[in-house]
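Peer 1: 434 is the number of the first residue of the sequence shown in the numbering used here; add one for each residue after it.
Glycine included, every Cβ here is placed at the ideal spot set by N, Cα and C.
This is the structure, below, for whatever I ask next.
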Amino acid sequence: MGVSCSPAKQHMFIERLVACMGSTMPPHLRHAALRAAHSARQDMTSIDAMDDRLRDIVLTKLSPAILSVLCLHPSTTPANNGPDRFFYEYRDSCYLELICVLARNSDWRPHLSEDRHIDLCISMIPEYCKSESYNRHAFYIAGILLRIAPEQTSDTLPLLGSVTEQQWWDVMRSS
Numbered sequence: 434m435g436v437s438c439s440p441a442k443q444h445m446f447i448e449r450l451v452a453c454m455g456s457t458m459p460p461h462l463r464h465a466a467l468r469a470a471h472s473a474r475q476d477m478t479s480i481d482a483m484d485d486r487l488r489d490i491v492l493t494k495l496s497p498a499i500l501s502v503l504c505l506h507p508s509t510t511p512a513n514n515g516p517d518r519f520f521y522e523y524r525d526s527c528y529l530e531l532i533c534v535l536a537r538n539s540d541w542r543p544h545l546s547e548d549r550h551i552d553l554c555i556s557m558i559p560e561y562c563k564s565e566s567y568n569r570h571a572f573y574i575a576g577i578l579l580r581i582a583p584e585q586t587s588d589t590l591p592l593l594g595s596v597t598e599q600q601w602w603d604v605m606r607s608s
């Protein structure tokens, strides 16, 4: 994306990203698409500057597609040491940094909650907030949750209400 791209090219870029993140695509292609979205994260955060059609695609199609890179199709059984395993440090780092940046924009926050990104981040707390080696992950998880917390509504309250006091301390201590 970027200022030098025409709106038509921006649409094509987002549509290709969504297609490449599909659950039927090979893991290396889905992860490359996630890295591409990660690289364009600043542009995606400023969705206010996008035309309505592109904004709609980004919020309604790209957000669930990003999640699908980490949450595989129910029939898929990830290998413990394969690229689709439940916790994969490099992939998860790209994901968490992307979601943390997107959470800066209040237009993104409801989509992050509705599309279950917040649920996924909460599920990562036990894995990434228990050791010193993953403190970067904990930093992004903390950033995401702290950006979502002030805007708690009846929709998001159950999400953040599921984070125990111990988990909040683990996140803060690890970040």
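If you scan the segment 450-492 from start to end, which runs of the alpha helix (DSSP H) of 4 or more residues do you find wholly inside it?
Peer 2: If we require 4 residues or more, the alpha helix (DSSP H) runs fully inside the segment 450-492 come out as 460-472, 474-478, 485-490.
Peer 1: By a C-beta neighbour count over all protein chains shown, 10 Å radius and 16 as the cutoff for buried, is Asp548 buried or exposed?
Peer 2: Asp548 comes out buried.
Peer 1: Between which two residues does the alpha helix (DSSP H) harbouring Arg537 extend?
Peer 2: Careful: Arg537 lies outside any alpha helix (DSSP H) and carries neither H nor E.
Peer 1: When we look at the beta-carbon of Tyr523 and count the other beta-carbons within 10 Å, is it buried (16 or more) or exposed?
Peer 2: That one is exposed.
Peer 1: Any idea if Asp496 is buried or exposed, counting beta-carbon neighbours within 10 angstroms, 16 or more meaning buried?
Peer 2: In the sequence on display, residue 496 carries Ser and not Asp. When all chains shown are included, Ser496 counts as buried.
Peer 1: State yes or no: is the C-beta of Ala582 within less than 8 Å of the C-beta of Ser608?
Peer 2: No, the Cβ-Cβ distance between Ala582 and Ser608 is not below 8 Å.
Peer 1: Pairing CB atoms from the segment 545-562 with CB atoms from the segment 484-491, are three or more of them under 8 Å?
Peer 2: Contact between the segment 545-562 and the segment 484-491 is absent, because fewer than three Cβ pairs lie under 8 Å.
Peer 1: Mapping the DSSP letters down to three states, classify Ser526 as helix, strand or coil.
Peer 2: Helix at Ser526.
Peer 1: Starting from the C-beta of Arg468, find all residues in its chain whose C-beta is less than 6 Å away, skip the five residues before and the five after it, and write them out in chain order.
Peer 2: Answer for Arg468: Cys527, listed in chain order.
Peer 1: Tell me the rounded alpha-carbon separation between Val534 and Gly455.
Peer 2: Those two C-alpha atoms are separated by around 22 Å.
Peer 1: Is the beta carbon of Asp540 closer than 8 Å to that of His570?
Peer 2: Cβ atoms of His570 and Asp540: not closer than 8 Å.
Peer 1: Would DSSP call Lys563 helix, strand or coil?
Peer 2: It is coil, neither helix nor strand.
Peer 1: Would you tell me roughly how many angstroms separate the C-alpha atoms of Ile577 and Ser556, rounded to the nearest one?
Peer 2: Answer to the nearest angstrom: the Cα atoms are 13 Å apart.
Peer 1: Quick one: using the 10 Å Cβ neighbour count with 16 as the cut-off for buried, is Met477 buried or exposed?
Peer 2: Label assigned to Met477: buried.
Peer 1: Can you tell me where the alpha helix (DSSP H) with Arg606 in it begins and where it stops?
Peer 2: Note, Arg606: alpha helix (DSSP H), 598-607.
Peer 1: Within this structure, are the beta carbons of Asp603 and Cys554 separated by less than 8 Å?
Peer 2: Going by C-beta atoms, Asp603 is not nearer than 8 Å to Cys554.
Peer 1: Name the residue from Val596, Leu529, Asp481, Arg537 whose alpha carbon lies nearest to the alpha carbon of Phe572.
Peer 2: Comparing Cα-Cα distances from Phe572 to each of Val596, Leu529, Asp481, Arg537, the minimum goes to Leu529.
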